[in-house]
Amino acid sequence: MKDQADILQPLPEALDRASAELASGRLVAFPTETVYGLGASALIDEAVAAIFEAKGRPHFNPLIVHVPDSATAAQHTVFDERATLLAEAFWPGGLTLVLPRRTDTPISLLVSAGLDTMAVRCPAHKVAHDLLKRAGPLAAPSANASGKLSPTQAAHVAASLGTGHGHLAMVLDGGECAIGLESTVIGLPIDGPATLLRPGAVPRKDVEAVLGYELAQAESPDQGSESTQGRSSPGQLASHYAPDAPIALNVTQFDENDVVLAFGAEGGPLPPGSLNLSPTGNLREAAAHLFSMLRALDGVAKGRRIAVMPIPHEGLGEAINDRLSRAAAPRP
Ligand code: TXA
Ligand code: MG
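For the sequence shown, counting from 1, position 78 maps to 85 in this note's numbering; every step adds exactly one.
This is the structure in structure tokens:
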């Protein structure tokens with residue numbers, strides 16, 4: 008067992024090797040347009056179990072199954088009219104659908120963490136798509152240690168999971184993730200309304216425009232209880248995406264104890280080491296920079312807190328503020 012995973016350019020030979028590693032139950036990290044995923048064959052129980060182990064992920068938190076197309080998703084889930092409509096509009100892309108599992112699916116029960124539903128997503132990134140074509144459905148959470156910042160570059164994966172985890176065979180390097188924020192997760196229960204389980208890469212309004220009605224709202228994040236009872240989105244723990252440094256939100260007055268994550272016009276000099284998510288106030292640019300800048304600020308904070316300027320809540324701002332509020336939540 009080696010303890011440093013290789014970072015490889017996604018050439019055909021590397022994709023062949025990745026497929027072989029996955030088929031033999033090992034883990035391969037791969038790029039998607041949202042964030043890097045930690046992939047395992049969704050058909051192999053031991054491989055899926057290894058994901059939970061490598062991330063230190065609580066076993067009640069289910070995984071997304073990545074598929075090359077909606078026909079594959081429909082083999083494993085009850086893919087109703089709403090799912091078809093949303094897949095036609097947003098796949099391949101940053102939308103995940105939580106649907107009833109088909110009783111005859113060979114997908115590991117472990118991905119569902121005891122629920123009778125399965126999350127499915129067809130990503131747009133070419134490397135992810137090529138890999139899914141070769142290796143079949145892949146269970147893949149974000150490729151970070153549980154509770155930490157999601158990776159938007161191959162080097163982030165190696166830093167978070169690369170050493171001491173014998174299961175991680177390799178990281179496919181697809182450069183920087185274009186969107187930089189995880190997928191939007193929509194629940195589509197058979198006898199219930201379409202529900203926003205996690206804001207993300209596809210803004211709520213865009214989903215609602217396709218459905219023709221408003222999404223129901225998932226209950227508020229769990230406050231640290233270990234119970235999964237009644238929690239419709241088990242991954243929505245209050246504390247998540249946490250840098251090591253303390254973090255304060257909606258800050259407009261700074262001092263020498265701060266390192267600032269700015270947005271838009273800065274209105275004056277900022278403490279040394281500060282960064283700006285988007286000097287022009289562009290939410291798309293801010294989303295793409297969010298995790299890598301939090302990571303960089305964490306590296307230079309040295310006892311200072313990370314002070315984040317206010318960010319508007321519309322469009323991608325809903326997902327950006329969701330991640331920031333969980334990065335700032337009290338830690339367990
Ligand atoms: O963009 C993304 O979604 C990335 C890339 C790699 O695809 N993946 C990702 O996975 O963010 P993860 O595991 O970090 O987050 C998946 C979210 C969690 O909040 C989890 O609880 C929720 O989806 N989820 C998965 N299966 C579910 C299910 N059956 N019911 C409810 N929520 C589910
Ligand atoms: Mg995650």
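Beta carbons: idealized from backbone N, C-alpha and C, even for Gly. Since this is a predicted model, take the numbers as computed values, not measurements.
Asked	Found
Contact test: Ser-119 Cβ vs the ligand TXA heavy atom, cutoff 8 Å	yes
Ile-254 beta carbon less than 9 Å from that of Val-307	no
As assigned by DSSP and simplified to three states, the class of Gly-13	The question names Gly, yet the displayed sequence has Asp at residue 13. Asp-13 falls in the strand class under three-state DSSP.
For Pro-19 and Leu-179, believed in contact at Cβ under 8 Å, the rounded distance	Going by Cβ atoms, the distance from Leu-179 to Pro-19 rounds to 12 Å, so no, they are not a contact pair.
Thr-191 burial status per 10 Å Cβ neighbour count (16 or more: buried)	buried
Beta strand (DSSP E) segment containing Thr-124, residue limits	124-128
Residue of Leu-93, Val-217, Val-35 minimising C-alpha distance to Val-134	Val-35
Leu-50 versus Pro-250 - alpha carbon distance	33 Å
Own chain residues within Cβ distance below 8 Å of Gln-236, not counting five before or after	Confidence at Gln-236 is low in this model, with a pLDDT of 40, below 50, so its placement is unreliable and no value can be given for it.
Pro-148 and His-83 closer than 9 Å at C-beta	no
Where Ala-313 falls, given that 16 or more other Cβ within 10 Å makes a residue buried	First, the amino acid is wrong: residue 313 is Ile here, not Ala. Buried.
Extent of the continuous beta strand (DSSP E) to which Thr-202 belongs	202-205
Helix, strand or coil at Phe-37 [DSSP, three-state]	strand
Residue of Cys-129, Gln-224, Leu-304 minimising C-alpha distance to Ala-80	Cys-129
Distance between Phe-86 and Asp-305 (C-alpha atoms, nearest Å)	42 Å
Rounded straight-line distance, which links the Cα of Glu-263 to that of Trp-98	46 Å
Per-residue burial, His-174 [other beta carbons within 10 Å of its own, 16 or more giving buried]	buried
Asn-151 beta carbon near the ligand MG (any heavy atom closer than 8 Å)	yes
Simplified DSSP assignment, three categories, for Gly-275	coil
Segment limits, alpha helix (DSSP H) that includes Thr-91	88-97
Unbroken stretches of the beta strand (DSSP E), 3 residues or longer, contained in the stretch 41-115	44-48, 71-73, 102-107
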